[in-house]
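Participant: Okay, handing you the structure first.
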Amino acid sequence: MTAAPPTDARPAQDAPPPGVLVPKRRGVEFSLLVGAVLISVYGYAEVGLARSGAVPPDAARYGAGLGLLALLAHLAVRLRAPYADPLLLPIAVLLNGLGLVLIYRLDLETPGDRAAPTQLVWSTLGVGLFIVVVLLLRDHRVLQRYAYLSVATALGLMILPIFFPAVNGARIWIRIGGLSFQPGEFAKILLAVFFAAYLAANRHALAYTGRKAWKLQFPTGRVLGPIVAIWVLSVGVLVLERDLGTSLLFFGLFVIMLYVATGRTGWIAVGLVLAAAGAFLVGSLEPHVHGRVQDWLDPFASIRAGDGPGQLAQSLFAFAAGGMLGAGLGLGHSVLIGFATKSDFILATAGEELGLVGLTALFLLYALIVARGYRAGLALRDPFGRLLAIGLASILALQVFVIAGGVMGLIPLTGMAMPFLAQGGSSVVTNWVMVALLVRVSDSARAPRPDMADTGVIAPIVEDAPVADGHVEDPR
Amino acid sequence: MIRYIRRAAALCLVLLVALLLNAARVMVIQADELDDNPANRRIAITRWGQPRGEIVVDGRPVTGSRDSGQQLRWERTYTQGPLYAPVTGYASQTYGTSLVEDAEDAVLSGTDPMLAPLPLWNDVSRGRQPGGDVITTIRARMQEAAFRGLDGKRGAVAAIEPSSGRILALVSSPSYDPGVLSGTGREVKDAWARLTTSPNQPMLARAFRQTYPPGSTFKIVTAAAALDAGVVTDPDAPTDTPDPFVLPGTRQVLPNEARGCEDASLADAIRWSCNTVMAGLSVKVGLEKMVEAAGNFGFNDPGLRIPSWVARSNFDTDMSPDQLALSSIGQFNTTATPLQMALVAAAVANNGEIAHPHLIERTTTAGGTTVDTTGRRTYRQAMRPSTATRLQDLMVRAVEEGTGTNAAIPGARVGGKTGTAQHGLGNTGTPYAWFIAWAQARDSAQPAVAVAVVVEDASADRTDISGGGSAAPIARAVMEEGLRLEAEGRGRGGG
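As structure tokens, this is what we get:
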């Protein structure tokens, strides 16, 4: 990557010193964005052609809207994060565009419920927040300062829905007027920030102090206590709200970040044992979850019982109908899944109409974002930035795995949104903010800037700081 | 920290591989099994996602399709549903298909590979062709004449062109409108429940799915057996049978409805329908030859298809002589479908040979290109040609001066045989009135039509029920239409 010449290197004020020529790759990002918008518009037109033999009348407007959003986001990146990873924004635009196509396509089957325009509004809001974050957050290390504010806000957001009525069995929604949103979605970013900040500050203490008992080095309660308390509290709240997907996500996030920060494999073992125990308890005590586990073990039981196929069976039928190449956009029947087709089960529509080939492409797009997040984590030198990048990327990876594995019968189904694809305002907005943060950390990772010492100390960025080899090897 | 980041990244890679392998498992390895799951609605949605092809009678479709706007989009409609129900059957989104709708479903629904422009086209394109059309052999005017003749009474009519085996009319009464079974709603379920529980059995295609004791019409089979076996060499010679006739090995006396049957000739026995003569002849022919003769007419054949399956007509193969005597006059365990008895008449009319009966002339693509044609095939050689010639004469005399005068048509040569079948415990049930016949225009080389009519009208006065009284006029009406159509056809062919 570094060997390639810069495509759009212009003489800049903060040009890197000779010999350390770092390409910005904004031109690559722009071309990829054009491609992403074109693919989305093509999908939109194809749905119309397949369904009514004509390109949808608003295809041009849809394309222009998506293109404008992409362009504004691109300009913000160009302005404030010129060294950001060029893949992140185009992949987010492509996934968001494809999600809009799939939701529009499902809208055609449900005349009473038009979700695509709403989703477009939320996407616009999401891109707006993306731009705001990229423009205003000049250095990700600023976030470290707000670790405790973050966790307080996160807990507050998560507890709030308890006071609102349950929707479809889960108390994860806040409804005000006609608007509803899922605060747990926002909480996951805040929690990742807190975990990153806390672990970055205390990772040595976590790894090297405390008692040693049977091969495991236990940190002192003073160090471990707060973070475990936060984690138990958040998972507990989610279990109360029956948002098991998100509690699973937080659990996985916590274990991964703890492992990356301390390098203690033992924590993973402890985490897995705890997770297994928790899952078993919830699975056997909570009827809602118990039903889902049963459904996972035997998706066709309800058919044999004469009650017709359940949601998971319908979802599997949809994937199977897609086969290798898919039925074609607009030509599948995934609407048979019924409830939550546009949200939790949107992947089934992708599978049925785009086939295994299309689904694999989608998974690889997600994998690329995750890989790029990890890459930024590797390249960064401050532990907070590293942990934040790993945390954000892991949230995406876990979320995709949990929901995709759920709707395809790999693991028991837990209600969760497929990032960018699924209908859901809170989810889209949150994902855009996550991508904005990844853009920010990847910019820091790739920028040929003198880095702060690897101490976690927060310092203002000096624009014309002298270049120094600030690379500090991992202390271990 | 770098090492642990790499390991965490490896974990993400493991998750990705798990997702991809699982996707391949569901979408490729298990795909066929999931596709074929009966609870998977996709097959039905695709199947009803386009209009079905039409079933055509006399160049006019008797079916149609209606866009319901529902998930199973195109629903079947029927013009003159009750009239053609025994031909078309139903194509219901809830209850499946029957009769021609079922037998030709692949063509009508567009899945038949022959409809595709190229071999294996449907497999490659994953699509289906527009539904093809099915052209039946039914003649609308004959079908209408038969339906009108039955006039809502319980009964059935089957008419065949003897030389080709083409089924010209296939009527069952009372009938039903198959259109009420299209679709998926509450009304469809109600209609199904009503139709299937009705004591009148409107959905029973009596013309080929219901067997009746054939009564005296079966005497044609017995006469053919006697002539073929050489038991009778001169139809006009006395047969040396007493009246009344005591069934062999019993003290039971077999009576006659007609008078003058003592020692009557075969000709008179056919003309006046003498039970005693025919019973006596069958005993002389013997069980083996009688079973063979009945088999040659198509009795005991469970495999006949037109292309829908036809109920098996029965002639017992293991009987005592008294049972054989009763069976040979169409009683005891002898049963026949109206179609089978039309084949008996057709065998006589066609010089002993029965052409395979068929209801489908040909099938075409939606564009009208022929996909398949039903050719003429021999079904059975029922009797020697000379026997057939003699029986033609005897049947003509039965119409001209015997029990079948109600079937006579001026200007045509008509042969017929009446039947009044006893049934029920101790013959307490209302008898079935039968008439089988064939008709040949004077100026034509061969008979145009063979027909069988059965009327099972419980409301009629018992004394009125006789083949000559109730059934023969219906047969005549059908044959008149058949002769008229043939004359028109010959006129067109000549002009």
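Chains A and B, in that order, are what the protein sequence lines are.
Under this note's numbering, the final residue of the first sequence carries the number 556; numbering is consecutive throughout.
Under this note's numbering, the final residue of the second sequence carries the number 557; numbering is consecutive throughout.
All residues carry an ideal CB built from backbone N, CA and C; glycine is no exception.
Using beta-carbon positions only, say whether A/G485 and A/S423 come within less than 7 Å of one another.
Facilitator: Within the first sequence, residue 485 of chain A is the residue found at index 405, counting from 1. Within the first sequence, residue 423 of chain A is the residue found at index 343, counting from 1. It is not a contact, given that the beta carbons lie outside the stated cut-off.
Participant: Considering B/R321, what are the terminal residues of the beta strand (DSSP E) in which it resides?
Facilitator: In the second sequence, the residue the question calls residue 321 of chain B occupies position 259. From DSSP, B/R321 is part of no beta strand (DSSP E); its letter is neither H nor E.
Participant: Could I get the ranges of all uninterrupted alpha helix (DSSP H) runs contained in the segment 411-487 of chain B, with 4 residues as the minimum, in chain order?
Facilitator: Complete alpha helix (DSSP H) runs here, min 4: 447-463.
Participant: Mind checking which residues open and close the alpha helix (DSSP H) that includes A/W376?
Facilitator: The count along the first sequence starts at 1 and reaches residue 376 of chain A at position 296. Element bounds for A/W376: P367 to L377.
Participant: Nearest chain B C-beta to A/G402 closer than 7 Å, yes or no?
Facilitator: Working through the first sequence from its first residue, we reach residue 402 of chain A at position 322. For A/G402, the answer is yes, since a Cβ of chain B falls inside 7 Å of its Cβ.
Participant: Who are B/F359's beta bridge partners in DSSP?
Facilitator: Sequence index remark: in the second sequence, residue 359 of chain B carries index 297 (1-based). Looking at the DSSP assignment, B/F359 forms no beta bridge with any residue, so it has no partner.
Participant: Count the other CB atoms within 10 Å of the CB of B/I105; is the residue buried (16 or more) or exposed (fewer)?
Facilitator: Reading the second sequence from its first residue, position 43 is the one you call residue 105 of chain B. B/I105 is exposed by the Cβ-count criterion.
Participant: Only counting the same chain, and skipping five residues up and downstream in sequence, which positions put a Cβ closer than 7 Å to that of A/A287?
Facilitator: For this step, residue 287 of chain A is matched to residue 207 along the first sequence. Cβ within range, chain order: T342, G343 and R344.
Participant: What ranges does the alpha helix (DSSP H) occupy inside the segment 148-205 of chain A, keeping only unbroken runs of at least 4 residues that lie completely in it?
Facilitator: Here the runs fully enclosed are 168-187.
Participant: Output needed for B/R424: all residues of its chain with C-beta closer than 7 Å, excluding positions within five of it in sequence on either side, in chain order.
Facilitator: Indexing the second sequence from 1 puts residue 424 of chain B at position 362. The answer, listed in chain order, is I197, T432, D434, T435 and T436.
Participant: Which residues in chain A have a C-beta closer than 9 Å to the C-beta of B/D167? List them in chain order.
Facilitator: Locating residue 167 of chain B in the second sequence gives position 105, counting from the first residue. Simply none; closest approach about 21 Å.
Participant: From the DSSP output, read off the bridge partner residues of B/V511.
Facilitator: Counting from one through the second sequence, the residue named residue 511 of chain B turns up at place 449. B/A501, per the DSSP bridge assignment.
Participant: Cα separation between A/D531 and A/G465?
Facilitator: Taking the first residue of the first sequence as 1, we reach residue 531 of chain A at position 451. Taking the first residue of the first sequence as 1, we reach residue 465 of chain A at position 385. No answer about A/D531 holds up, because its pLDDT of 47 lies below 50 and its placement is not dependable.
Participant: Just the C-alpha distance for B/P240 and B/D195, rounded to the nearest angstrom, thanks.
Facilitator: On the second sequence, position 178 is the one that residue 240 of chain B refers to. On the second sequence, position 133 is the one that residue 195 of chain B refers to. Their backbone Cα atoms lie some 18 Å apart in a straight line.
Participant: Near A/V172, what residues of its chain come up, given a Cβ to Cβ distance below 6 Å and the 5 sequence neighbours on each side ignored?
Facilitator: Counting from 1 along the first sequence, the entry for residue 172 of chain A is found at position 92. Note that residue 172 of chain A corresponds to Ala in the displayed sequence, not to Val. Hits under 6 Å: V515.
Participant: Which residues does DSSP pair with B/S327 in a beta bridge?
Facilitator: For the purposes of this step, residue 327 of chain B is taken as the residue at position 265 of the second sequence. Looking at the DSSP assignment, B/S327 forms a beta bridge with B/P300.
Participant: Give a yes or no on whether the minimum CB-CB distance between A/A477 and chain B is below 7 Å.
Facilitator: On the first sequence, residue 477 of chain A is found 397 positions in, with the first residue counted as 1. Output row for A/A477: interface = yes.
Participant: In terms of residue numbering, what span does the alpha helix (DSSP H) encompassing A/E432 cover?
Facilitator: Within the first sequence, the letter at position 352 stands for residue 432 of chain A. Note, A/E432: alpha helix (DSSP H), I426 to A459.
Participant: Using a Cβ-Cβ distance cut-off of 7 Å, determine whether A/F443 contacts chain B.
Facilitator: Within the first sequence, numbered from 1, the residue matching residue 443 of chain A stands at position 363. Cβ-Cβ to chain B under 7 Å: yes for A/F443.
Participant: Using a Cβ cut-off of 9 Å, pull out every chain A residue sitting near B/R190, in sequence order please.
Facilitator: If you number the second sequence from 1, residue 190 of chain B lands on position 128. Under the 9 Å cutoff, chain A gives no residues; its nearest Cβ is about 13 Å from B/R190.
Participant: Report the partner residues of B/E137 according to the DSSP bridge assignment.
Facilitator: In the second sequence, the residue the question calls residue 137 of chain B occupies position 75. The partner list for B/E137 (beta bridge, DSSP) reads B/R128.
Participant: For B/S226, name the three-state secondary structure that DSSP assigns.
Facilitator: Position 164 of the second sequence, counted from the first residue, corresponds to residue 226 of chain B. In the structure shown, B/S226 sits in coil (DSSP, three-state: anything other than H, G, I, E or B).
Participant: Using DSSP with H/G/I as helix, E/B as strand and the rest coil, what is B/N376?
Facilitator: Counted from its first residue, the second sequence places residue 376 of chain B at position 314. Looking at B/N376 - three-state DSSP - the assignment turns out to be strand.
Participant: Could one say the Cβ of B/A101 lies closer than 7 Å to chain A's Cβ atoms, at least one of them?
Facilitator: Residue 101 of chain B sits at position 39 when you count from the first residue of the second sequence. For B/A101, the answer is yes, since a Cβ of chain A falls inside 7 Å of its Cβ.
Participant: Taking Cβ-Cβ distances below 9 Å as the criterion, which residues of the segment 286-317 of chain B are in contact with chain E?
Facilitator: You won't find chain E in this structure, because its protein chains are A and B.
Participant: Since B/L232 sits in a beta bridge, which residues does DSSP pair it with?
Facilitator: Counted from its first residue, the second sequence places residue 232 of chain B at position 170. For B/L232, which the question treats as bridged, DSSP gives the partners B/A220.
Participant: Under 6 Å Cβ to Cβ from A/V362, same chain only, skipping five residues before and after it: list those, please.
Facilitator: Along the first sequence, read from residue 1 onward, the residue named residue 362 of chain A stands at position 282. Only V369 meet the Cβ criterion.
Participant: For B/G158, list the residues DSSP reports as bridge partners.
Facilitator: For the purposes of this step, residue 158 of chain B is identified with residue 96 of the second sequence, where counting begins at 1. The partner list for B/G158 (beta bridge, DSSP) reads B/S154.
Participant: Per DSSP, what kind of secondary structure is A/D323 in: helix, strand or coil?
Facilitator: Here residue 323 of chain A is taken as the residue at index 243 of the first sequence, counted from 1. DSSP places A/D323 in coil when its eight states are reduced to three.
Participant: Going along the chain, which residues of its own chain have a beta-carbon closer than 7 Å to the beta-carbon of B/G311, five neighbours each way excluded?
Facilitator: Residue 311 of chain B sits at position 249 when you count from the first residue of the second sequence. For B/G311, where only same-chain residues beyond five positions count, the Cβ hits under 7 Å are S382, P383 and D384.
Participant: Thinking C-beta only, is B/I471 closer than 7 Å to B/E542?
Facilitator: Translated into the one-based positions of the second sequence, residue 542 of chain B becomes position 480. Translated into the one-based positions of the second sequence, residue 471 of chain B becomes position 409. Cβ atoms of B/E542 and B/I471: closer than 7 Å.
Participant: Taking Cβ positions only, does A/Y278 come closer than 7 Å to chain B?
Facilitator: By 1-based counting over the first sequence, the position of residue 278 of chain A is 198. So no, A/Y278 is outside the interface.
Participant: Between which two residues does the alpha helix (DSSP H) containing B/D94 stretch?
Facilitator: Here residue 94 of chain B refers to the residue found at position 32 of the second sequence. Start and end: A93 to D97.
Participant: In the DSSP output, which residue or residues are listed as bridge partners for B/D195?
Facilitator: Translated into positions along the second sequence, residue 195 of chain B becomes position 133. For B/D195, which the question treats as bridged, DSSP gives the partners B/T426.
Participant: Starting from the C-beta of A/A161, find all residues in its chain whose C-beta is less than 7 Å away, skip the five residues before and the five after it, and write them out in chain order.
Facilitator: Sequence index remark: in the first sequence, residue 161 of chain A carries index 81 (1-based). If we look at A/A161 and ignore the five residues flanking it on each side, its Cβ neighbours are V214, V519, R520 and D523.
Participant: Just to confirm the assignment, what range does the alpha helix (DSSP H) spanning A/I475 have?
Facilitator: Counting from one through the first sequence, the residue named residue 475 of chain A turns up at place 395. Counting along the chain, the alpha helix (DSSP H) containing A/I475 begins and ends at P463 to V487.
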